[in-house]
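Numbering (this note's numbering), first residue to last: 246 to 581.
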């Protein structure tokens, strides 16, 4: 199969030797093969394949351990096999003695090596604005790539009730069971798992890019709110990072429209926890419609969650009035 025709001059490489090869030769390399190991698959080469197939969409994935395939050549990228890491020759393995490590000493899997080498170009190919490339690349590396690297190297073990629901475990669960293995079954399962892995990568990248877009909107809304403890947004969107960046510690509640109504939500004290800066009034907990209108005195009040972290109102004025009442009660409790 022919290569994708993507020239190396269009890629971002982190190896000075490879930059030198490109700049002095002026050659354009056509990648026809993406080579990884055969047999049972893991999350790292699956996720590496997601990145590489975006950059080389016409290249064929070859799953093999044969020397003829795992030996570097100008027509291939080799990853998670070959026992060598040499970006100049496009081989990215981590199973050899003295494997590549991150600056802080943490280990790479093939996914981390591929992301370091090709991640910026993957983001460009995905259509992200140039200004968003570096922050999304770094955030995705820290939140998505690094955990996969650590699990693959045995430096982190998925555990607890959610351990079996972690992405590496779920992707590997798509392998054929012990008595249904074979090259054909393994390759078929790999192809199916690749589609799923691609969906998770694309969704994670899209959410991180959206978070940056939202941050700009929220920062404007924070400025417009001034000293008010109520933040009004034009629609539902991620807001926590902007609140932290702006140092808006005085804000207690967020209101925004939905499709047919308005939402009122509390702001967490800590991004990692569930405790709120202020709960909605206890007298509203679990009430709906007429009962909530009677308890709050607000026409158009429609619902308050029993855990008192969100409420719903029919329109903007009702949502803002509920927010004002919630602020007043929080202030009274703070003064008591």
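Positions of the beta carbon are idealized from the N, C-alpha and C atoms, including for glycine.
The structure presented is a predicted model; accordingly, all values stated were derived computationally and were not measured.
Pick from 358, 379, 354 and 325: whose alpha carbon is nearest that of residue 365? 379
Taking the beta strand (DSSP E) that residue 435 belongs to, which residues open and close that run? Here residue 435 belongs to no beta strand (DSSP E); instead the alpha helix (DSSP H) covers 428-470.
Pull up the distance between the alpha-carbon of residue 288 and that of residue 510, whole angstroms please. 36 Å
To the nearest angstrom, how far is the alpha carbon of residue 270 from that of residue 376? Model confidence at residue 270 stands at a pLDDT of 30, short of 50, so the residue's coordinates are unreliable and nothing is read from them.
Have a look at 572, 357, 469 and 487 and flag the residue whose alpha-carbon is nearest the alpha-carbon of residue 527. 572
Run the CB neighbour count on residue 516, radius 10 Å, all protein chains shown included, and call it buried at 16 or more, exposed below. exposed
Please name the residue in 279, 300 and 302 whose C-alpha comes closest to that of residue 325. 279
Let me confirm a value: residue 330 is counted as buried when at least 16 other C-beta atoms fall within 10 Å, else exposed. Which label applies? buried
Terminal residues of the beta strand (DSSP E) in which residue 498 lies: 498-502
Check: residue 407 C-beta below 7 Å from any heavy atom of the ligand FMN: Of ligands this structure carries none, so the ligand FMN is not represented either.
Excluding the 5 residues preceding and the 5 following residue 398 in the sequence, name in chain order all residues of the same chain whose CB lies nearer than 7 Å to its CB. 352 and 354
Going by CA-CA distance only, name the one from 340, 342, 465 and 323 that's closest to residue 333. 323
Please tell me whether residue 508 and residue 487 are closer than 8 Å, where the distance is taken between their beta carbons. no
Can at least three beta-carbon pairs, one atom from the segment 539-550 and one from the segment 558-568, be found at a separation below 8 Å? yes
Taking only runs of the alpha helix (DSSP H) that begin and end inside the segment 478-539, which ones reach a length of at least 4 residues, in chain order? 485-491
Using only CA atoms, which one of 490, 495, 491 and 505 lies nearest to residue 480? 505
In this structure, what does DSSP give as the bridge partners for residue 558? 507 and 546
Under the three-state DSSP convention, the category residue 306 falls into: strand
Cβ of residue 413 within 8 Å of Cβ of residue 390? no
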